[in-house]
């Protein structure tokens, strides 16, 4: 888990207010101009958090495209998960853990309680059993790491 930011630099989000959280399978986000298009769409439909699957980047870490914060991990141009936060929500990011190129968890400092977001990219039905088992073990690890209520998506 990446170390959390200093409490003075973290802004609590109010979980009593509505936030738009969406999951997209973006397929090949690494292609030129694709991230910019996703950021424009995120602005257009006023999303707070955009959970991304099948990014296919070959890096890990944090980027700041425009006013967004993009957390990602992938190594082989095959899978990859990430999360894009709007400027306001990014200020509430407590920590981020990229478990694998299929599973990642972000912790947000919120009130009245903290919020964990687990983003996954599931293996397809023709995947080997070993890969599927590993995927579910990684989800269990993400749940343990979050230690807080988790927002799950399909």
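Numbering (my numbering), first residue to last: 1 to 154. Where a beta carbon is used, it is the ideal one built from N, C-alpha and C, also for glycine.
_Spatial neighbours of residue 25 within its chain, please: C-beta separation below 6 Å, excluding the five flanking residues on both sides._
Along the chain shown, one-based indexing puts residue 25 at 25. These residues qualify, in order along the chain: 53 and 54.
*Beta-carbon gap between residue 102 and residue 133 smaller than 8 Å*: As a first step, residue 102 is located in the chain shown; it is residue number 102 there, counting from the start. As a first step, residue 133 is located in the chain shown; it is residue number 133 there, counting from the start. The Cβ atoms of residue 102 and residue 133 lie no closer than 8 Å to each other.
*Could you say which of 34, 99 and 131 lies nearest to residue 142 if we only look at CA atoms?*
Within the chain shown, numbered from 1, the residue matching residue 142 stands at position 142. Of the candidates 34, 99 and 131, 99 places its Cα closest to the Cα of residue 142.
*asked:* Quick check: what's the CA-CA separation for residue 147 versus residue 111?
replied: For this step, residue 147 is matched to residue 147 along the chain shown. For this step, residue 111 is matched to residue 111 along the chain shown. Going by the C-alpha atoms only, they are around 16 Å apart.
*Under three-state DSSP, which class holds residue 154?*
As a position in the chain shown, residue 154 is number 154, starting the count at 1. Here residue 154 scores only 47 on pLDDT, less than 50, and its place in the model should not be relied on; the value that follows carries that caveat. Residue 154: coil per DSSP, three-state reduction.
_Cβ neighbour criterion (16 or more within 10 Å) applied to residue 45_ = Along the chain shown, read from residue 1 onward, the residue named residue 45 stands at position 45. In the assembly as shown, residue 45 is an exposed residue. Its beta-carbon has fewer than 16 other beta-carbons within 10 Å.
*Roughly how many angstroms lie between the CA atoms of residue 91 and residue 17, to the nearest whole one?*
Residue 91 sits at position 91 when you count from the first residue of the chain shown. Residue 17 sits at position 17 when you count from the first residue of the chain shown. Approximately 16 Å between the Cα atoms of the pair.
_Identified DSSP bridge partners for residue 23_ = Position 23 of the chain shown holds residue 23. Residue 23 pairs with 51.
*With DSSP as the reference, please indicate the residues paired to residue 95 in a beta bridge.*
Translated into positions along the chain shown, residue 95 becomes position 95. Partner(s): 107.
*Span of the alpha helix (DSSP H) around residue 139*: Position 139 of the chain shown holds residue 139. Where residue 139 is concerned, the enclosing alpha helix (DSSP H) stretches over 129-146.
*Under the three-state reduction of DSSP, which class applies to residue 35: helix, strand or coil?*
Along the chain shown, read from residue 1 onward, the residue named residue 35 stands at position 35. Residue 35 carries a helical assignment under DSSP once its states are collapsed to helix, strand and coil.
*Tell me, please, which residues DSSP counts as bridged to residue 119.*
Residue mapping note: residue 119 aligns to position 119 of the chain shown, counting from 1. Residue 119 pairs with 104.
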